[in-house]
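Asker: Counting the sequence shown from 1 gives a position; the UniProt record's numbering is that position plus 49.
All C-beta atoms in this analysis are idealised placements derived from N, C-alpha and C, irrespective of residue type, glycine included.
Here the structure is a predicted model, which means the values were calculated and not measured.
This is the structure I have questions about; it appears just below.
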Amino acid sequence: EAAAGHLPFSRARIGSFFQEQPALKNPFLEDALLRAYLRRHLPQQAVFLDLSAFGECVAKEVDTWGRECEVNPPRLVHFDPWGRRVDHIVTSAAWKRMKDLSAQEGLVAIGYERSFGEWSRVYQMSKLYLYSPSSGLYTCPLAMTDGAAKVIQSVGVSPPVEEAYSRLISRQPERFWTSGQWMTERQGGSDVGSGTETVAVPQTDGSYKLHGLKWFTSATDADMTLTLARVQDRTGATTAGSRGLSLFYAEVSRGEDGKLRGIEVQRLKDKLGTRQMPTAELLLDGLPAYRLSEEGRGVASIANMLTITRIHNSISAAAAMRRILQLARDYATRRTAFGKLLRDHPLHMQTLARMEVETRGAFLLVMEVCRLLGREESGLASQLDTQLLRLLTPVVKLYTGKQAVAVVSEGLESFGGQGYIEDTGLPGMLRDAQVLSIWEGTTNVLSLDVLRCVARSSGMVLHAYFTHVQSLLAGVSNVSSVAPAVKAVAGALSELEAFVQMAAAREPGYLELAARDLAYSLARIYAGALLVDHACWKEASTHDIHAALKWCEQDLCLVASKQQRGYYESGTAALDAALVYE
Ligand code: UCC
Ligand code: FAD
């Protein structure tokens, strides 16, 4: 019997084995696809140096701040010690540092400086992609800030928003402002047209005062906001529906008494994730505001913001997938089970490889949208580019948002029980991924947006889609290594074309039921074409070919297979409802 002193587990002895934790390395140097994509499209030394240095800073320093934001979440102080209402949203020091860092690194500014012409958006979004998983959700205010700058650009950079615009795109921390995006009210976040009760009361100087309740307002420590309201006429009447909504600009500021001007913070939301960031319910009680759109053109005017924030959302989704994978593959070199490292278990590698394929598809889809945005903003976009951008923005947002949840969830499992342990920082990634398919338009609402943009363009956006995918395939038609993938994409594209033609002649409810599967088909086929195209680039590797082949093994055209099984026929809706409510 071992003497008590030699027992490995007794009194203060807790055994000698401690698992090495996964190490976060420079996310730029770790990301072969990102670097290859940039080598191909934006081979600028300045960009590589900046991203490499920023990646190092993210891994060494910023990631710790991101954790600090999670463990020191914002809180609301309603009253000062003497009972006066102050409504202070107290944020952590790390959250404030993120703001300064964002300005210094030009995380919004790069998109407006356009130093790299049509590729400036790709550069900006690549940087955000490195930053996002370590940012403590600071990418949320940055998305809205970018969106607000875009809206201001579209309505005209002149007073009263000239100063605000210069601050939104500033690199100077002391000047830099962030913006909110207050659209959702209690009655509706998707159906903004019916759900908005906020009224705008005209003032004699041409400005307005807003009265209403905004139900979700994220990163509420912002300096300004864009929001929607209904202008009251002299009798106090307003126009109902979407046609009654106008777009407003308001500053979030305090009066000499220290109170917020025209705003009461009702409470902060108690959320599943995104806890690093305040999301508040706000009573607007005479908030001074300026109208930016024509009366009744609020939704159309804020659509520019939605395009930008949805692209940011997609970047965050792809980045979350990439980050969990980066950590999982590192962990697989440190963790042993059944006598060998996880990396030496083929089934574990198959699991990570499947995640890798999803991540690559998502990355290329998002970068494609960024490429198109960059072309549009540099005045280089063809009509086809503009139509593709309109169609792909909701498609990519909804697809990557959903895939992020699946990939991050699988990723947690690859750490075993540790993936479920809060202070590893891993569970927060799953919580934060879950919001990506909800805010900025849910999956179904965006699927319906896709249908509407197809109908409004009389099918031109689909024509642009088919033309572009065909041109990608034409460029690789004689490369034998990817032939099965090319065949799969081409076959799926023909099926999709046939489906669209058939569905156009059906009753309206038919396409509505097919909307989500249609959006998924558009995403999968397009990503297949991009993966094949990338795999045939002159510096591509055998791994790129493997990824393209694997992606194209899945059902690329969901609507074709489901249509054959009668999924969208008129009786289905009633059957579905009956099943749900049995
Ligand atoms: O969730 C939010 C913030 C979260 C925090 C920020 C996160 C950022 C990412 C961070 C990553 C870490 S803010 C709330 C977001 N809310 C939504 O996304 C609303 C979802 N609902 C929709 O998108 C709906 O489809 C609505 C509200 C747009 C539907 O309203 P309407 O009035 O029924 O819309 P219509 O009739 O379809 O469109 C009205 C006009 C039309 O223009 P005209 O009148 O010229 O024909 C449309 O073409 O607006 C135009 N329009 C668009 N244009 C509508 N949607 C778009 C679009 N997506 N792009 C271009
Ligand atoms: P609903 O519209 O009630 O949707 C409920 C369900 O119905 C969803 O599954 C939806 O897909 C489905 N649905 C709705 N309409 C249809 C349809 N026609 N066909 C089929 N299905 C449909 N909003 C802001 O304005 N600013 C913010 O800063 C902000 N921050 C947020 C932060 C967080 C953490 C969260 C969770 C939300 C935030 N939101 C914000 C609100 C967000 O944008 C909305 O919650 C979202 O757009 C959905 O709206 P809703 O909650 O009213 O859901």
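Cβ-heavy atom distance between ALA623 and the ligand UCC below 7 Å?
Answerer: Incorrect: ALA623 has no Cβ contact closer than 7 Å to the ligand UCC.
Asker: For GLY423, which residues from the same chain have a beta carbon less than 7 Å from its beta carbon, with the 5 sequence-adjacent residues on both sides left out?
Answerer: For GLY423, where only same-chain residues beyond five positions count, the Cβ hits under 7 Å are GLU167, TRP168, SER169, ARG170 and VAL171.
Asker: May I have the straight-line CA-CA distance separating GLY540 from MET551, to the nearest angstrom?
Answerer: Rounded to whole angstroms, GLY540 to MET551 spans 17 Å at the Cα level.
Asker: With hydrogens ignored, establish whether the beta-carbon of MET232 is closer than 7 Å to any heavy atom of the ligand FAD.
Answerer: Correct: MET232 has its Cβ closer than 7 Å to the ligand FAD.
Asker: Can you give me the start and stop residues for the beta strand (DSSP E) that ALA273 sits inside?
Answerer: The sequence shown places Met at residue 273, rather than the Ala named in the question. 273-280 is the extent of the beta strand (DSSP E) around MET273.
Asker: If you scan the stretch 203-240 from start to end, which runs of the alpha helix (DSSP H) of 4 or more residues do you find wholly inside it?
Answerer: The qualifying runs are 211-217.
Asker: Does the beta-carbon of LEU624 have 16 or more other beta-carbons within 10 angstroms, so that it is buried, or is it exposed?
Answerer: Exposed: under 16 other Cβ atoms inside 10 Å.
Asker: Between THR323 and the ligand FAD, is there a pair consisting of the residue's CB and a ligand heavy atom that are separated by less than 7 Å?
Answerer: Yes, Cβ of THR323 sits closer than 7 Å to a heavy atom of the ligand FAD.
Asker: Work out the CA separation of SER65 and ALA386 for me, nearest whole Å.
Answerer: ALA386 and SER65: Cα-Cα distance of roughly 17 Å.
Asker: For VAL581, which option in GLU330, LEU560, GLY524 and LEU628 has the closest C-alpha, if you only look at C-alpha atoms?
Answerer: Comparing Cα-Cα distances from VAL581 to each of GLU330, LEU560, GLY524 and LEU628, the minimum goes to GLY524.
Asker: Given the structure, does MET273 come close to the ligand UCC, in the sense that its CB is under 7 Å from one of the ligand's heavy atoms?
Answerer: Flag unset: Cβ of MET273 not near the ligand UCC.
Asker: Please identify the residue among ARG88, SER496, LEU495 and LYS536 whose C-alpha is closest to the C-alpha of LEU598.
Answerer: Among ARG88, SER496, LEU495 and LYS536, the Cα nearest to that of LEU598 belongs to LYS536.
Asker: Where LYS263 and GLN603 are concerned, what is the direct C-alpha to C-alpha distance, given to the nearest angstrom?
Answerer: C-alpha separation (whole angstroms): 42 Å.
Asker: Please name the residue in GLY205, LEU294, PRO337 and VAL314 whose C-alpha comes closest to that of THR253.
Answerer: It is PRO337.
Asker: Determine, using beta-carbon pairs with one atom in the stretch 480-495 and one in the stretch 317-334, whether at least three such pairs fall under 8 Å.
Answerer: Flag = yes, the stretch 480-495 and the stretch 317-334 touch.
Asker: How would you write the range of the alpha helix (DSSP H) that THR356 sits in, first residue to last?
Answerer: Where THR356 is concerned, the enclosing alpha helix (DSSP H) stretches over 347-380.
Asker: Are ALA108 and PRO71 close, meaning C-beta to C-beta below 8 Å?
Answerer: The answer is no: Cβ separation not under 8 Å.
Asker: Considering only heavy atoms of the ligand FAD, does any lie closer than 7 Å to the CB of TRP488?
Answerer: It does: the Cβ of TRP488 is within 7 Å (strictly closer) of some heavy atom of the ligand FAD.
Asker: Give the straight-line distance between the Cα atoms of SER463 and ALA85, rounded to the nearest whole angstrom.
Answerer: Distance between the alpha carbons of SER463 and ALA85: 27 Å.
Asker: Which residue spans inside the stretch 288-330 form an unbroken beta strand (DSSP E) run of at least 3?
Answerer: Entirely contained in the stretch 288-330, the beta strand (DSSP E) runs reaching 3 residues are, in chain order, 294-300 and 312-317.
Asker: Please classify ALA554: is it buried, with 16 or more other beta-carbons within 10 angstroms of its beta-carbon, or exposed?
Answerer: Burial call: exposed.
Asker: Over what stretch of residues does the alpha helix (DSSP H) that includes HIS394 continue unbroken?
Answerer: Element bounds for HIS394: n/a, residue is neither H nor E.
Asker: Among GLU459, THR233 and ARG383, which one has its Cα closest to the Cα of ALA329?
Answerer: Taking only the C-alpha atoms, the option nearest ALA329 is THR233.
Asker: ALA299 and THR274 - do their beta-carbons sit closer together than 8 Å?
Answerer: Contact flag set, yes.
Asker: From ALA622 to ARG384, what does the alpha carbon distance come to, in whole angstroms?
Answerer: Roughly 49 Å separates the two Cα atoms.
Asker: Could one say the Cβ of SER570 lies closer than 8 Å to chain D's Cβ atoms, at least one of them?
Answerer: Among the chains of the structure shown, chain D does not appear; only one protein chain is present.
Asker: Between ASP240 and the ligand FAD, is the CB less than 7 Å from at least one heavy atom?
Answerer: It does: the Cβ of ASP240 is within 7 Å (strictly closer) of some heavy atom of the ligand FAD.
Asker: Got a sec: does the ligand UCC put a non-hydrogen atom nearer than 7 Å to the Cβ of ASP498?
Answerer: Indeed, a heavy atom of the ligand UCC lies less than 7 Å from the Cβ.
Asker: Between which two residues does the alpha helix (DSSP H) harbouring ILE159 extend?
Answerer: Start and end: 158-162.
Asker: Given this structure, state the Cα-to-Cα distance separating ALA455 from THR449, to the nearest angstrom.
Answerer: Their Cα atoms are separated by approximately 10 Å.
Asker: Tell me the rounded alpha-carbon separation between GLY460 and GLU117.
Answerer: Whole-angstrom Cα-Cα distance: 22 Å.
Asker: Consult DSSP for ARG283 and reduce its assignment to one of helix, strand or coil.
Answerer: Coil, per DSSP.
Asker: Should GLY474 go down as buried or exposed, given a rule of 16 or more other Cβ atoms within 10 Å for buried?
Answerer: GLY474 is buried by the Cβ-count criterion.
Asker: Pull up the CB-CB distance for VAL280 and GLU212, whole angstroms please, since I reckon it's below 8 Å.
Answerer: The Cβ separation is near 24 Å, so there is no contact.
Asker: Is it true that the CB of SER520 sits closer than 8 Å to the CB of GLN436?
Answerer: No, these two residues do not count as a Cβ contact at 8 Å.
Asker: Quick one: what does DSSP say ILE201 is sitting in, helix, strand or coil?
Answerer: The answer is helix: DSSP assigns ILE201 an H, G or I state.
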